[in-house]
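Asks: My questions will all concern the structure given below.
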Amino acid sequence: MPYIDFFSVWGNQLSGKIPISISNASNLNMLQLDRNRFSGNVPSLEKLDKLSILLLGTNHLGNGTEGDLNFLCSLVNNTKLDSLDIRTNNFGGVLPECISNFSSSLQFLEIENNKILGRIPDGIGNLINLEVLQVSQNQLSGPIPLNIGRIEKLNSFDARNNFLTGTIPYSIGNLTGLTLLALGVNNLQGNIPSSLGNCQKLLVLGLSYNNLSGSIPPQVLGLSSLSILLNLSSNYLTGELSVDVEKLTNLGDLDFSKNKLSGLIPKSLGSCVRLERLFLGGNLFEGPIPSSLSSLRGLVELDVSENNLSGGVPEFLVSFKALKYLNLSFNNFEGVLPSGGIFKNASAVFVEGNNKLCGGISELHLSR
Numbered sequence: 016m017p018y019i020d021f022f023s024v025w026g027n028q029l030s031g032k033i034p035i036s037i038s039n040a041s042n043l044n045m046l047q048l049d050r051n052r053f054s055g056n057v058p059s060l061e062k063l064d065k066l067s068i069l070l071l072g073t074n075h076l077g078n079g080t081e082g083d084l085n086f087l088c089s090l091v092n093n094t095k096l097d098s099l100d101i102r103t104n105n106f107g108g109v110l111p112e113c114i115s116n117f118s119s120s121l122q123f124l125e126i127e128n129n130k131i132l133g134r135i136p137d138g139i140g141n142l143i144n145l146e147v148l149q150v151s152q153n154q155l156s157g158p159i160p161l162n163i164g165r166i167e168k169l170n171s172f173d174a175r176n177n178f179l180t181g182t183i184p185y186s187i188g189n190l191t192g193l194t195l196l197a198l199g200v201n202n203l204q205g206n207i208p209s210s211l212g213n214c215q216k217l218l219v220l221g222l223s224y225n226n227l228s229g230s231i232p233p234q235v236l237g238l239s240s241l242s243i244l245l246n247l248s249s250n251y252l253t254g255e256l257s258v259d260v261e262k263l264t265n266l267g268d269l270d271f272s273k274n275k276l277s278g279l280i281p282k283s284l285g286s287c288v289r290l291e292r293l294f295l296g297g298n299l300f301e302g303p304i305p306s307s308l309s310s311l312r313g314l315v316e317l318d319v320s321e322n323n324l325s326g327g328v329p330e331f332l333v334s335f336k337a338l339k340y341l342n343l344s345f346n347n348f349e350g351v352l353p354s355g356g357i358f359k360n361a362s363a364v365f366v367e368g369n370n371k372l373c374g375g376i377s378e379l380h381l382s383r
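Residue 16 is where the sequence shown starts when you use the numbering used here, and the numbers rise one by one after that.
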């Protein structure tokens with residue numbers, strides 16, 4: 016074992032504890048035990064000072080208790096560690112401060128889907144070469160460290176489904192290489208920082224299910240790089256949508272639902288021609304659905320329910336061949352509901368709560 020430099024048994028059904036003897040494999044460069052059924056505590060890895068890749072993900076390691084992560088501190092003198100993956104296990108206890116002292120060569124740190132407590136250490140900014148930081152689906156609390164902005168090579172930061180508090184630090188705008196920022200399902204508050212407009216490579220921005228307030232910065236709506244997802248739903252965002260939304264021409268999924276956004280749905284939204292899902296429900300929007308939205312012919316799902324929208328239901332929706340879900344319920348729409356296209360499918364169209372609507376197929380139970 017002392018002479019082995021590569022050990023991989025990933026993707027089997029190996030079970031039991033990781034043998035303590037692995038600690039003596041001092042020449043190991045890569046230890047790959049992921050996707051098995053290993054359980055119990057991870058032994059000290061202090062002697063593995065040549066280790067650059069440690070993959071323990073998708074096992075049953077840890078006991079969900081304090082002390083599960085002690086082995087991490089045995090890695091602080093390792094100057095070559097490049098990748099550390101302990102995701103999808105049963106690790107519990109507080110995330111140790113010692114991870115701030117990991118080798119500055121560390122590029123991948125993945126600890127998601129465990130039961131890890133405590134804060135993201137303030138010293139996380141010491142890991143200046145980190146490219147991927149995945150800490151989602153744990154029980155982390157406290158603020159996002161201000162010096163997160165020091166990790167300028169970071170391209171993916173996923174901290175969804177935790178108990179993080181405080182504001183999104185303005186310094187996050189220093190992370191100009193970010194392609195994914197996912198902070199949804201936390202207890203974050205305050206404004207969305209306008210500095211996010213500096214992150215011109217973002218493909219995914221998810222901030223849903225927090226306590227964020229204030230208006231949506233035009234700098235965020237102007238992120239033309241966003242092509243996969245912009246999700247700001249279930250917050251307390253206010254104000255009108257700026258015309259800058261027209262710059263989201265590559266975006267596929269836009270969700271602003273369940274906020275307190277007001278004013279008209281901007282005509283400029285019609286420029287977002289690659290949208291497949293558009294969710295604006297549960298806000299205070301008023302006025303008609305703008306005719307410019309007729310250009311969104313790739314829409315698969317459209318939800319504008321629970322607003323104060325008025326006017327007629329646009330006839331152009333009949334021609335949207337890809338549309339599979341349309342929710343217009345609880346608004347002030349009036350006039351005759353179209354009967355072609357998606358409106359032929361009562362299980363795909365929701366129009367209740369619009370007392371001035373009539374017509375449509377009989378299954379929708381509108382007045383004739």
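Glycine included, each C-beta is placed from N, C-alpha and C at the ideal position.
1) In terms of residues, what are the limits of the alpha helix (DSSP H) holding Q234?
2) Nearest to T2 by CA position, among V260, G267, S239, F271, is which residue?
3) For G278, which residues does DSSP report across the bridge?
4) Given that a residue counts as buried once 16 or more other Cβ atoms are within 10 Å of its Cβ, and exposed if not, what is C214?
5) In three-state terms, what does DSSP make of G350?
6) In or out: Y224 buried (at least 16 other Cβ within 10 Å) or exposed?
7) How many Å lie between G157 and S210 at the Cα?
8) For I35, does the count of other Cβ atoms within 10 angstroms reach 16, so buried, or fall short, so exposed?
9) Residues in its own chain within less than 8 Å of N390 by CB, not counting five upstream and five downstream?
10) For I139, count the other beta carbons within 10 Å of its own beta carbon; 16 or more makes it buried, fewer makes it exposed. Which is it?
11) Straight-line CA distance for L324 to N141?
12) Any idea what DSSP makes of S89, helix, strand or coil?
13) Enumerated in chain order, which unbroken segments of the beta strand (DSSP E) with a length of 3 residues or greater are wholly contained in the stretch 220-266?
14) Express the C-alpha separation of F172 and R50 in angstroms, rounding to a whole number.
15) Can you give me the C-alpha to C-alpha distance between I187 and L193, rounded to a whole angstrom?
16) Which residues in the same chain have their Cβ closer than 6 Å to the Cβ of N128, if we skip the five residues on either side of it in sequence?
17) Rounding to the nearest angstrom, what Cα-Cα distance links F365 and Y185 in this structure?
18) Give the secondary structure of R165 by DSSP, where H, G and I count as helix, E and B as strand, and everything else as coil.
19) What does the Cβ neighbour count give for E378, buried or exposed, with the cut at 16 atoms within 10 Å?
20) Between V150 and S306, what straight-line distance do the alpha-carbon atoms span, to the nearest angstrom?
21) Please work out which residues of its chain come closer than 8 Å, Cβ to Cβ, to L155, disregarding the five sequence neighbours upstream and downstream, and give them in chain order.
22) Going along the chain, which unbroken runs of the beta strand (DSSP E) with 3 or more residues stay wholly within the stretch 81-165?
23) Please check the pair F117 and V147, which I expect to be a contact at CB under 8 Å, by giving their CB distance rounded to whole angstroms.
24) Could you tell me the boundaries of the beta strand (DSSP E) in which Q47 lies?
Replies: So, from the data block:
1) Within the sequence shown, residue 234 is the residue found at index 219, counting from 1. Here the alpha helix (DSSP H) through Q234 covers 233-236.
2) The chain is shown from 16 up to 383; residue 2 falls before or after that span and cannot be answered.
3) Here the question's residue 278 lines up with position 263 in the sequence shown. In the DSSP output, where bridge partners are listed per residue, G278 has F300.
4) Position 199 of the sequence shown, counting from 1, holds the residue named residue 214. Its Cβ being crowded by 16 or more others within 10 Å, C214 is buried.
5) In the sequence shown, the residue the question calls residue 350 occupies position 335. Strand, per DSSP.
6) On the sequence shown, position 209 is the one that residue 224 refers to. Y224 comes out buried.
7) For the purposes of this step, residue 157 is identified with residue 142 of the sequence shown, where counting begins at 1. For the purposes of this step, residue 210 is identified with residue 195 of the sequence shown, where counting begins at 1. Distance between the alpha carbons of G157 and S210: 21 Å.
8) To locate residue 35, count along the sequence shown from 1; it is residue 20. So I35 ends up on the exposed side.
9) Since the first residue of the chain shown is 16 and the last is 383, residue 390 is not available in this structure.
10) For this step, residue 139 is matched to residue 124 along the sequence shown. It counts as buried.
11) Reading the sequence shown from its first residue, position 309 is the one you call residue 324. Reading the sequence shown from its first residue, position 126 is the one you call residue 141. Their backbone Cα atoms lie some 50 Å apart in a straight line.
12) Translated into the one-based positions of the sequence shown, residue 89 becomes position 74. Helix.
13) 226-229, 244-246, 251-254
14) Along the sequence shown, one-based indexing puts residue 50 at 35. Along the sequence shown, one-based indexing puts residue 172 at 157. Cα to Cα, R50 sits roughly 23 Å from F172.
15) For this step, residue 187 is matched to residue 172 along the sequence shown. For this step, residue 193 is matched to residue 178 along the sequence shown. So the two alpha carbons sit approximately 9 Å from each other.
16) Position 113 of the sequence shown, counted from the first residue, corresponds to residue 128. Excluding sequence neighbours, N128 sits near R102, T103, Q152.
17) Stepping through the sequence shown from its first residue, residue 365 is reached at position 350. Stepping through the sequence shown from its first residue, residue 185 is reached at position 170. Rounded to the nearest angstrom, the two C-alpha atoms are 40 Å apart.
18) Position 150 of the sequence shown, counted from the start, is the residue given in the question as residue 165. Helix at R165.
19) What you label residue 378 is simply residue 363 of the sequence shown in a count that begins at 1. Exposed, because fewer than 16 other Cβ atoms sit within 10 Å of the Cβ of E378.
20) Here residue 150 is taken as the residue at index 135 of the sequence shown, counted from 1. Here residue 306 is taken as the residue at index 291 of the sequence shown, counted from 1. Straight-line Cα distance between these residues: approximately 43 Å.
21) By 1-based counting over the sequence shown, the position of residue 155 is 140. Closer than 8 Å at the Cβ level, and outside the excluded window around L155, lie L110, I131, L132, G133, R134, I135, A174, N177, F178, L179.
22) 98-100, 123-125, 147-149, 156-158
23) Numbered from its first residue, the sequence shown carries residue 117 at position 102. Numbered from its first residue, the sequence shown carries residue 147 at position 132. 14 Å between Cβ atoms; not a contact.
24) For this step, residue 47 is matched to residue 32 along the sequence shown. Unbroken beta strand (DSSP E) run through Q47: 45-47.
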